Amino acid sequence: MKTALLFAALLAAALAPASAAAAPPRGEAVLAAFGASLVEDADGLAAAGVRPDSPAAAAGLRPADRILRAAQAAARTRAEAAAALRAVGPESRESLVVRRGLAALPLIDAQSPQPLDFSRGARDLSAREWTLAQARGAQGSAQARDEVAEEAPLDWTLRADQALWVRFPAGLPSGLKKGAVVAAETAAALTTDGSLDFLAVPSKSPVWARVAEAADDGAVRSVRLLFFKMRPAGAGVYPILGAATALAGVEAPDLSRVSAGGTLVVAAPLPSSEGGKHRGPDLLLDEDARLRVRLLEPITIVEPPSWWRAGPGLWIKTVEADGRRRFEITHAIAGRAAEAAGLKPGDVLDAVAGRSTERLNFADALDALYGAPGSTVRVSVLREGKSVALDLQRGVRFEKGAATPLAPPFEAR
3 MKTALLFAAL LAAALAPASA AAAPPRGEAV LAAFGASLVE DADGLAAAGV
53 RPDSPAAAAG LRPADRILRA AQAAARTRAE AAAALRAVGP ESRESLVVRR
103 GLAALPLIDA QSPQPLDFSR GARDLSAREW TLAQARGAQG SAQARDEVAE
153 EAPLDWTLRA DQALWVRFPA GLPSGLKKGA VVAAETAAAL TTDGSLDFLA
203 VPSKSPVWAR VAEAADDGAV RSVRLLFFKM RPAGAGVYPI LGAATALAGV
253 EAPDLSRVSA GGTLVVAAPL PSSEGGKHRG PDLLLDEDAR LRVRLLEPIT
303 IVEPPSWWRA GPGLWIKTVE ADGRRRFEIT HAIAGRAAEA AGLKPGDVLD
353 AVAGRSTERL NFADALDALY GAPGSTVRVS VLREGKSVAL DLQRGVRFEK
403 GAATPLAPPF EAR
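Under this note's numbering, the first residue of the sequence shown is numbered 3, with each subsequent residue one higher.
Okay, structure coming up:
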């Protein structure tokens, strides 16, 4: 009897339909229909693979893309992505926002996994329907741009003890009083690190200082400046704390210096021969003088990916020869575009970004070398008395002849 009951139970189990636990979860089925293999890590959700001829491939999704939003909803896990895609109707188009390298990209061309049956084509649309379709397309593009704009900016921290070279475009006036605020700008760019790959502070970035102390005894004028605010070009305003440590570019270096405590000391000119009266200078420093400012506290720069500018892997200095200004290469970083093009320290550039070096100052030349990652800049180098033009790609690493985009500074930390 027991044998008969056991046989009946086994037969019933064999004939029973597969259990719900044996079927793939509904979310996994949605992702499979979409055609993307997604993996979760500490930074969120990334595409590990994309099936050809799938809705994901049609949208332009690529392996290594990081999924930020799916169907206008946040997607940091596979479950969130599946839920968002499952909510898309059969006549809708899926929208994705992904981060690819430095850029946050909207992908809005992915068809939903459900088959669509159209009885009319584009040629059958009336004028009103065509106008409505264009309006809806514009609305979808605007929504995608809004999603990108809502993504959190990415940050990078500039360490303390870094130095900025600043200049005063209108000169540093004499007669400054304690508490006065003066405006300056960076005289040279500052990169994120020694690789020279990305700019942390571009040239000509506004900087503000407050007069902490000022004195004038007739023979010597002194002023101590505390730099308290900076706006990296194209970015927001950041509080800083910096003090002067050195001076360069002055006509009479013996009459101007910066003390160990950060005080600028300038000797007054000799008395005028007209009546023996003292004639003070209008400026403590002219527009060509440069002040070295040491940062006393770190600065965290928080800007969107589109703000960060990359370079071709070289650094320059100004050289004057035969009455002409040129720029000599001082550094050519291994594995970057400059080295791949054959440039090396000591080479001399006579044009940057299509402009003669005689029309560029140091800050302008550096500014022209940096730009959007992946873009190119044309430089001309003197070779055997001739000018040779080279196109250098910014923000890439060259290895075995292949160019690979560099990781942005906020991912490399």
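Heads up, the beta-carbon is just placed ideally off N, CA and C, and yes, glycines get one too. Fair warning: this is a prediction, and the values are worked out from it, not measured in the lab.
Excluding its 5 nearest sequence neighbours in each direction, Lys179 has C-beta neighbours in its own chain below 7 Å: Val213 and Ala216, listed in chain order. Classified as buried, Glu149 has 16 or more neighbouring CB atoms from the shown chains inside 10 Å of its CB. For Glu82, the enclosing alpha helix (DSSP H) has its first and last residue at Arg80 to Arg88. The shortest C-alpha to C-alpha distance from Arg161 to any of Leu192, Glu299, Glu305 and Gly348 is the one to Glu299. Around Leu297, the same chain offers Ala162, Gln164 and Gly244 as residues with beta carbons nearer than 6 Å, after the five sequence neighbours per side are excluded. Cβ contact annotation for Thr194 (same chain, cutoff 7 Å, sequence separation greater than five): Trp158, Phe200, Ala202 and Pro411, in chain order. Exclusion of the five residues before and after Ala365 leaves Ala189, Ala190, Ser205 and Lys206 as the residues of its chain whose Cβ lies within less than 7 Å of its Cβ.
By the criterion of at least three beta-carbon pairs nearer than 8 Å, the segment 222 to 236 is not in contact with the segment 338 to 348. For the options Leu70, Gly403, Val99 and Arg88, the alpha carbon positioned closest to that of Ala61 is the one of Val99. Around the beta-carbon of Ser261, fewer than 16 other beta-carbon atoms lie within 10 Å, marking it exposed. Exclusion of the five residues before and after Ala185 leaves Pro208 and Trp210 as the residues of its chain whose Cβ lies within less than 7 Å of its Cβ. For Pro208, the enclosing beta strand (DSSP E) has its first and last residue at Pro208 to Asp218.
Here Gly173 has Leu285, Leu287, Asp288 and Glu289 as same chain residues with Cβ atoms under 7 Å from its own Cβ, once five neighbours each way along the sequence are excluded. Counted as a single uninterrupted DSSP element, the alpha helix (DSSP H) harbouring Ala61 occupies residues Pro57 to Ala61.
For Ala340, the enclosing alpha helix (DSSP H) begins and ends at Ala339 to Ala342. Looking at the backbone, the Cα of Ala83 and that of Val32 are separated by about 9 Å.
Around the beta carbon of Gln395, 16 or more other beta carbons lie within 10 angstroms, which makes this residue buried.
Fewer than three Cβ pairs drawn from the segment 331 to 344 and the segment 66 to 74 lie within less than 8 Å of each other, which leaves the two stretches out of contact. If you draw a 10 Å sphere on the C-beta of Ser382, you find 16 or more other C-beta atoms in it, and that means buried.
Under the three-state reduction of DSSP, Thr194 is assigned to coil, being neither helix nor strand.
In this structure, DSSP gives Gln145 a helical state, which the three-state scheme calls helix.
When C-alpha distances from Arg169 are compared across Glu187, Ala182, Ser176 and Pro175, the shortest belongs to Glu187. Per DSSP, Ala355 is not a residue of any beta strand (DSSP E), being assigned neither H nor E. Between Ala246 and Leu293 a beta carbon distance of about 5 Å is seen, short of the 8 Å cut, so the two are scored as contacting.
Our two residues, Ala323 and Ala355, have alpha carbons roughly 21 Å apart in a direct line. Around the beta carbon of Arg147, a 10 Å sphere encloses fewer than 16 other beta carbons of the protein chains shown; the residue is thus reported as exposed. Ala221 places its beta carbon less than 8 Å from that of Ala270. Per DSSP, the unbroken beta strand (DSSP E) holding Asp43 starts and ends at Ala38 to Asp43. Beta-bridge partners assigned by DSSP to Ala323: Arg326.
When the Cα atoms are used, Gly177 and Arg223 turn out to be separated by approximately 9 Å. If the five residues before and after Thr406 are omitted, its C-beta is found closer than 7 Å to the C-beta atoms of Val398 and Arg399, all from its own chain and listed in chain order. Scanning the segment 219 to 304 for uninterrupted beta strand (DSSP E) segments of 3 residues or longer gives 222 to 232, 240 to 250, 258 to 260, 265 to 269, 285 to 287 and 292 to 297, listed from N- to C-terminal end. Following the DSSP letters along the chain, one finds Phe200 in no alpha helix (DSSP H), marked with neither H nor E.
For Ala182, the three-state secondary structure derived from DSSP is coil.
Inclusion of Leu371 and Gly313 in the CB contact set at 8 Å is warranted, their separation being smaller than that value.
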